[in-house]
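Residue numbers (full-length UniProt numbering): 1 to 397.
To start, the structure under review is shown below, and the notes come after it.
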């Protein structure tokens with residue numbers, strides 16, 4: 001059987017790559033990631049380090065691609081629109097040479113095609129992807145932005161980038177057999193359901209049938225109470241084991257039965273993720289400043305170390321606000337710090353399905369400040385349900 005050729009749009013740090021790796025650990029190779037699409041420079045670096053250990057071969061990659069000089073590195077980067085905060089384009093050329101070398105090597109190693117707004121369709125056609133994944137930005141849909149959230153038709157919102165996915169699909173000579181979308185539940189709320197139906201109609205006109213379900217991470221090996229909307233699209237001629245959204249949701253929930261988290265499983269996962277040791281120097285870096293606003297925040301925040309059911313709130317991109325994922329008791333004698341801390345970057349990654357070994361690969365980049373605390377929270381937030389990959393073969397892809 002030929003490999004399924006995967007194109008990861010909005011690839012971030014590799015949610016799909018991680019899920020595929022989990023699925024293929026004890027099996028023959030089933031998927032092949034032929035390219036990624038993302039413009040967040042630090043996410044590209046994280047992806048390449050976690051999945052390819054890029055730091056071990058930066059100089060080798062640059063030499064093989066005749067990119068050893070600063071001039072050639074700058075010339076290469078000018079072909080890409082990249083961002084340092086995932087919100088606006090950045091002048092990457094002004095970054096120091098060490099950062100740029102790692103970024104260039106990461107782009108090459110992860111087969112990154114850059115921003116979805118500026119793709120080379122001829123190049124993508126040559127890759128012949130069978131499966132396109134697109135976890136597009138939720139800014140225009142999120143409840144946290146409800147005052148400004150206008151959905152996928154708002155050109156001022158990054159959620160409108162979903163239409164670049166349409167341009168990609170429409171521009172492919174051989175249509176991918178499968179599409180997979182993930183986003184916040186608000187996408188199918190009363191406010192935005194008409195927009196989502198329009199998206200499904202657009203896919204239908206391109207030859208796809210789409211099935212949609214809202215899934216909770218608790219049913220798929222996570223301890224987060226994290227609801228997400230998933231939509232899978234098939235070319236119409238492909239036979240599927242379900243014929244409606246209701247059947248699709250039941251089918252997926254049935255597949256997840258063996259990894260759903262009961263009390264004992266949640267407790268085990270909880271204890272493997274969180275470290276409540278007040279002598280841990282890494283955790284000390286996440287102490288909360290002693291200010292009036294933060295004192296009010298901790299009064300309202302959920303105390304993770306006091307959890308009785310081992311269920312955690314959804315991970316947020318910013319912890320220094322309320323609501324957040326929760327806070328942890330951390331006794332200390334520092335006058336300018338409270339006796340609480342935020343969850344650490346390591347805990348955030350593990351909460352989203354990564355392993356210690358994944359995070360340890362990032363430590364050299366963290367120590368050099370190439371990866372910042374803020375960027376790591378943002379990256380972890382995009383990662384979803386890597387543990388539910390083990391039933392992929394039951395779709396008969």
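Glycine residues also receive a C-beta, built at the ideal position from the N, C-alpha and C atoms.
Fill in: beta strand (DSSP E) segments (min. 3 residues) lying fully within the region 192-259
Runs found: 208-216, 227-235.
Worksheet item: For the ligand ZN, is there a heavy atom less than 6 Å away from the beta-carbon of residue 166?
Response: For the ligand ZN, the structure offers nothing, since it holds no ligand at all.
Discussion item. Taking 7 Å as the threshold (C-beta atoms), are residue 233 and residue 179 in contact?
Written reply: Translated into the one-based positions of the chain shown, residue 179 becomes position 179. Translated into the one-based positions of the chain shown, residue 233 becomes position 233. Closer than 7 Å, so yes.
Fill in: residue 292 classed as buried or exposed, judged by whether at least 16 other C-beta atoms fall within 10 angstroms
Taking the first residue of the chain shown as 1, we reach residue 292 at position 292. Exposed.
Fill in: Chain-order list of residues whose beta-carbon lies under 7 Å from that of residue 16 (same chain, five-residue window excluded)
Taking the first residue of the chain shown as position 1, residue 16 is located at position 16. Counting only Cβ-Cβ distances below 7 Å, and skipping sequence neighbours, we find 6, 8, 133.
Item to complete: May I have a chain-ordered list of the beta strand (DSSP E) segments no shorter than 3 residues that lie completely inside the region 305-378?
Response: 327-329, 337-342
Worksheet item: Whose C-beta lies closer than 7 Å to the C-beta of residue 417 among residues of the same chain, with five residues either side of it excluded?
Response: Outside the displayed span of the chain (1 to 397) sits residue 417, for which this structure offers no information.
Discussion item. If the criterion is Cβ atoms closer than 7 Å, does the pair residue 202 and residue 166 meet it?
Written reply: Stepping through the chain shown from its first residue, residue 202 is reached at position 202. Stepping through the chain shown from its first residue, residue 166 is reached at position 166. For residue 202 and residue 166, yes; Cβs fall inside 7 Å.
Discussion item. Considering just the uninterrupted stretch of the alpha helix (DSSP H) at residue 9, what are its terminal residues?
Written reply: In the chain shown, residue 9 corresponds to position 9, counting from 1. Careful: residue 9 lies outside any alpha helix (DSSP H), inside the beta strand (DSSP E) at 4-9.
Discussion item. Less than 7 Å between the C-beta atoms of residue 224 and residue 314, yes or no?
Written reply: As a working note, residue 224 is residue 224 in the chain shown. As a working note, residue 314 is residue 314 in the chain shown. If you check the CB distance, residue 224 and residue 314 come in under 7 Å.
Worksheet item: Thinking C-beta only, is residue 152 closer than 7 Å to residue 195?
Response: Here residue 195 refers to the residue found at position 195 when the chain shown is read from its first residue. Here residue 152 refers to the residue found at position 152 when the chain shown is read from its first residue. A contact, by the Cβ cut-off of 7 Å.
Discussion item. Taking a contact to mean a Cβ-Cβ separation below 7 Å, would you say residue 40 touches residue 90 in this structure?
Written reply: As a position in the chain shown, residue 40 is number 40, starting the count at 1. As a position in the chain shown, residue 90 is number 90, starting the count at 1. No. Outside cutoff.
Worksheet item: Going by C-alpha distance, which of 368, 229, 373 is nearest residue 193?
Response: Residue mapping note: residue 193 aligns to position 193 of the chain shown, counting from 1. When each option's Cα is compared against that of residue 193, the closest is 229.
Worksheet item: Does the Cβ-Cβ distance between residue 366 and residue 328 come in under 7 Å?
Response: Looking up residue 366 in the chain shown gives position 366. Looking up residue 328 in the chain shown gives position 328. Against a cut-off of 7 Å, the Cβ pair of residue 328 and residue 366 comes out as no contact.
Fill in: Contacting residues, own chain, Cβ-Cβ under 6 Å from residue 47 (five flanking each side not counted)
One-based indexing of the chain shown puts residue 47 at position 47. Within the same chain, residue 47 has close Cβ partners 13, 14, 110.
Practice prompt. Could you pull the start and end residues of the alpha helix (DSSP H) that residue 46 belongs to?
Written response: Counted from its first residue, the chain shown places residue 46 at position 46. Run containing residue 46: 41-52, per the alpha helix (DSSP H) assignment.
Worksheet item: Given residue 77, which residues of its chain have a CB within under 8 Å of its CB, disregarding the five upstream and five downstream residues?
Response: As a working note, residue 77 is residue 77 in the chain shown. Excluding sequence neighbours, residue 77 sits near 92, 93, 100, 103, 104.
Worksheet item: Which residue or residues does DSSP assign as beta-bridge partners of residue 37?
Response: Residue 37 sits at position 37 when you count from the first residue of the chain shown. 9.
Worksheet item: Are the region 54-62 and the region 116-126 touching by the rule of at least three beta carbon pairs closer than 8 Å?
Response: No: fewer than three Cβ pairs fall under 8 Å.
Practice prompt. Check each candidate in 24, 137, 358, 106 and name the one with the smallest Cα separation from residue 155.
Written response: On the chain shown, residue 155 is found 155 positions in, with the first residue counted as 1. Of 24, 137, 358, 106, the residue nearest in Cα terms is 137.
Discussion item. What ranges does the beta strand (DSSP E) occupy inside the region 96-184, keeping only unbroken runs of at least 3 residues that lie completely in it?
Written reply: The beta strand (DSSP E) runs lying completely inside the region 96-184 and spanning 3 residues or more are 131-134, 178-183, given in chain order.
Fill in: Neighbour-count burial assignment, residue 96, 16 or more Cβ in a 10 Å radius
For this step, residue 96 is matched to residue 96 along the chain shown. So residue 96 counts as exposed.
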